[in-house]
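The sequence shown begins at 6 in our numbering and counts up by one. Glycine included, C-beta positions come from ideal geometry on N, C-alpha and C.
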Amino acid sequence: MRFHFLRASVLALVIIVLGIAPTFHVVHGQSTSCISGLSTDDCQLLTDAFNATTSTLNSAQFSFQATGKAAGVPTPGMENVDLSAKADGAVDLANFLLQANLDYDLKGIAKPQSDKLELRIVDDYGYYKSDLMTQGKWIKSSSKVPAEQKSMFKLSTLSTMLASLKPEDSAMLNELISIPGFIKGTVEDSTTVAGNPSRLFTFDVDLASFFKAPAGQKVIVTYLKTTASIASQLSSTAPTPGTDADYQQQVNALLVVVAPVLNNTKIQLVIEIDPASKLFQGAAIAASTKVDAALVSTFTKTNTTTDFTAEGSANLVLSNLNEAVTVDPVPDATTQK
Numbered sequence: 006m007r008f009h010f011l012r013a014s015v016l017a018l019v020i021i022v023l024g025i026a027p028t029f030h031v032v033h034g035q036s037t038s039c040i041s042g043l044s045t046d047d048c049q050l051l052t053d054a055f056n057a058t059t060s061t062l063n064s065a066q067f068s069f070q071a072t073g074k075a076a077g078v079p080t081p082g083m084e085n086v087d088l089s090a091k092a093d094g095a096v097d098l099a100n101f102l103l104q105a106n107l108d109y110d111l112k113g114i115a116k117p118q119s120d121k122l123e124l125r126i127v128d129d130y131g132y133y134k135s136d137l138m139t140q141g142k143w144i145k146s147s148s149k150v151p152a153e154q155k156s157m158f159k160l161s162t163l164s165t166m167l168a169s170l171k172p173e174d175s176a177m178l179n180e181l182i183s184i185p186g187f188i189k190g191t192v193e194d195s196t197t198v199a200g201n202p203s204r205l206f207t208f209d210v211d212l213a214s215f216f217k218a219p220a221g222q223k224v225i226v227t228y229l230k231t232t233a234s235i236a237s238q239l240s241s242t243a244p245t246p247g248t249d250a251d252y253q254q255q256v257n258a259l260l261v262v263v264a265p266v267l268n269n270t271k272i273q274l275v276i277e278i279d280p281a282s283k284l285f286q287g288a289a290i291a292a293s294t295k296v297d298a299a300l301v302s303t304f305t306k307t308n309t310t311t312d313f314t315a316e317g318s319a320n321l322v323l324s325n326l327n328e329a330v331t332v333d334p335v336p337d338a339t340t341q342k
């Protein structure tokens with residue numbers, strides 16, 4: 006099959022993004038239907054929380070944790086990779102202020118790495134120090150952050166982007182939401198870190214259902230056709246783009262091969278909302294997959310006998326929403342050249 010590993014990996018990422026995108030389509034209130042398992046009131050709370058958060062949330066303290074493991078990687082010296090990271094700090098998007106501490110530890114590679122970093126943004130200048138990269142010394146950016154870049158960090162920008170979806174894109178997301186078994190939602194009562202009642206929304210994504218549905222296959226065909234068209238424009242040696250029928254044949258053949266992988270892939274997205282303030286309190290995502298050794302060998306052209314497995318998760322918790330944030334500049338920082 007003419008479908009090498011990198012292309013398959015990019016396609017897998019596209020599908021994962023599409024698995025999450027319909028959720029935000031519902032959250033933004035643009036969907037004509039609710040996600041399976043949620044009531045109309047649940048979907049309305051999601052929409053209200055999105056609108057309230059993007060329009061009124063300016064600052065917060067945050068805590069972030071992420072882990073990732075991969076085993077059976079078909080690369081010498083990287084067979085078992087283990088990454089862990091954590092961060093905490095405060096951010097003020099309205100005044101463009103940030104203070105964050107980040108630790109990470111990467112094992113299972115030829116040269117394991119671990120580092121502690123501190124980041125600050127104040128007076129439109131960025132500051133950072135790293136045990137590994139700057140030997141614990143503060144570095145200051147040589148110029149201020151341009152105004153047009155600052156606007157990208159405002160939550161209202163996300164709302165504007167979603168609102169600017171073309172009608173055909175909106176229709177596609179509505180169609181994906183309606184795929185039976187693709188996305189299932191549940192809601193339960195919980196408590197925020199401040200001790201306030203909250204609602205916990207959990208979305209489970211089934212990629213196998215997506216790939217088998219005509220609507221899902223149509224998206225993949227469009228992706229393959231688009232990437233082939235871009236490649237032909239960038240390189241005179243690239244193959245001439247085929248027809249929809251050509252790419253549908255590729256999808257059909259690929260589905261036969263990767264069906265076990267899709268069945269072994271799990272994605273879950275969690276969103277916490279305070280129903281009183283209608284503000285997001287945090288979010289989490291978890292994913293895992295397994296690829297049998299024979300398929301790994303096919304994609305990578307190796308003779309591995311080990312299954313590839315990967316799992317990862319990330320968790321963001323917000324607190325002290327809309328409280329004042331103070332970030333001090335670093336007077337003795339070395340200006341970056």
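Annotated as distal: tyrosine 130 and tryptophan 143, with beta-carbon spacing of 8 Å or more. Looking at the DSSP output, lysine 121 sits in a beta bridge with Asp108. Under the three-state reduction of DSSP output, proline 202 falls in the strand class. Contact between valine 332 and leucine 102 holds: their C-beta atoms lie close to 5 Å from each other, under 8 Å. Taken atom to atom, the span from the alpha-carbon of aspartate 128 to that of glycine 186 is near 49 Å.
Burial is judged here by how many other beta carbons sit within 10 angstroms of a residue's own beta carbon; lysine 134 has at least 16 and is buried. Taking C-beta separations shorter than 6 Å and ignoring five residues to either side along the sequence, the partners of leucine 321 in its chain run Phe69, Gly287 and Ala288, following chain order. Valine 261 is classed as exposed because its beta carbon has fewer than 16 other beta carbons within 10 Å across all chains shown. Phenylalanine 208 is positioned such that its CB atom lies closer than 8 Å to that of glutamine 273. Under the three-pair Cβ rule at 8 Å, the stretch 290–298 counts as touching the stretch 308–317. Across the structure, asparagine 179 and tyrosine 228 are spaced so that their CA atoms are roughly 18 Å apart. Nearest C-alpha to valine 210 among Gln222, Val226 and Ile184: Ile184. Distance between alanine 243 and proline 151, taken at the CA atoms: about 38 Å.
In this structure, valine 330 places its C-beta atom within 8 Å of the C-beta atom of alanine 95. For serine 237, the uninterrupted alpha helix (DSSP H) segment begins and ends at 219–239. Contact annotation: the stretch 302–311 does not touch the stretch 232–247, with fewer than three C-beta pairs closer than 8 Å. Residues Thr340 and Gln341 of the same chain have their beta carbon placed closer than 6 Å to that of serine 147, with the five preceding and five following residues left out of the count.
Here DSSP, grouped into helix, strand and coil, assigns isoleucine 40 to coil.
In the three-state DSSP reduction, aspartate 337 falls in the coil class, being neither helix nor strand. For the pair glutamate 328 and serine 60, the CB atoms are not nearer than the 8 Å cut-off. If the five residues before and after lysine 223 are omitted, its C-beta is found closer than 7 Å to no C-beta atom of its own chain. In chain order, Val192 place their CB closer than 6 Å to the CB of aspartate 47, counting only its own chain and leaving out the 5 sequence neighbours on each side.
According to the DSSP secondary-structure assignment, phenylalanine 313 is paired through a beta bridge with Val296. Between the stretch 41–58 and the stretch 275–284, the count of Cβ pairs shorter than 8 Å is three or higher; the stretches touch.
Under the DSSP assignment, threonine 197 falls outside any beta strand (DSSP E); it carries neither an H nor an E label.
Straight across, the Cα-Cα distance linking lysine 189 with isoleucine 182 is about 9 Å.
Between threonine 58 and leucine 205, the C-beta spacing is not below 8 Å. For aspartate 93, the uninterrupted beta strand (DSSP E) segment begins and ends at 85–97. Note: aspartate 279 is bridge-paired with Leu284 in the DSSP secondary-structure output. Under DSSP, alanine 75 forms a beta bridge with Val86 and Ala315. About 13 Å separates the Cβ atoms of leucine 88 and leucine 107, ruling out a contact at the 8 Å cut-off.
The C-alpha of alanine 213 lies about 6 Å from the C-alpha of asparagine 268. Taking all protein chains in view, the Cβ of leucine 137 is surrounded by fewer than 16 other Cβ atoms within 10 Å, so the residue is classified as exposed. In the DSSP annotation of this structure, the continuous segment of the beta strand (DSSP E) that includes serine 135 starts and ends at 130–135.
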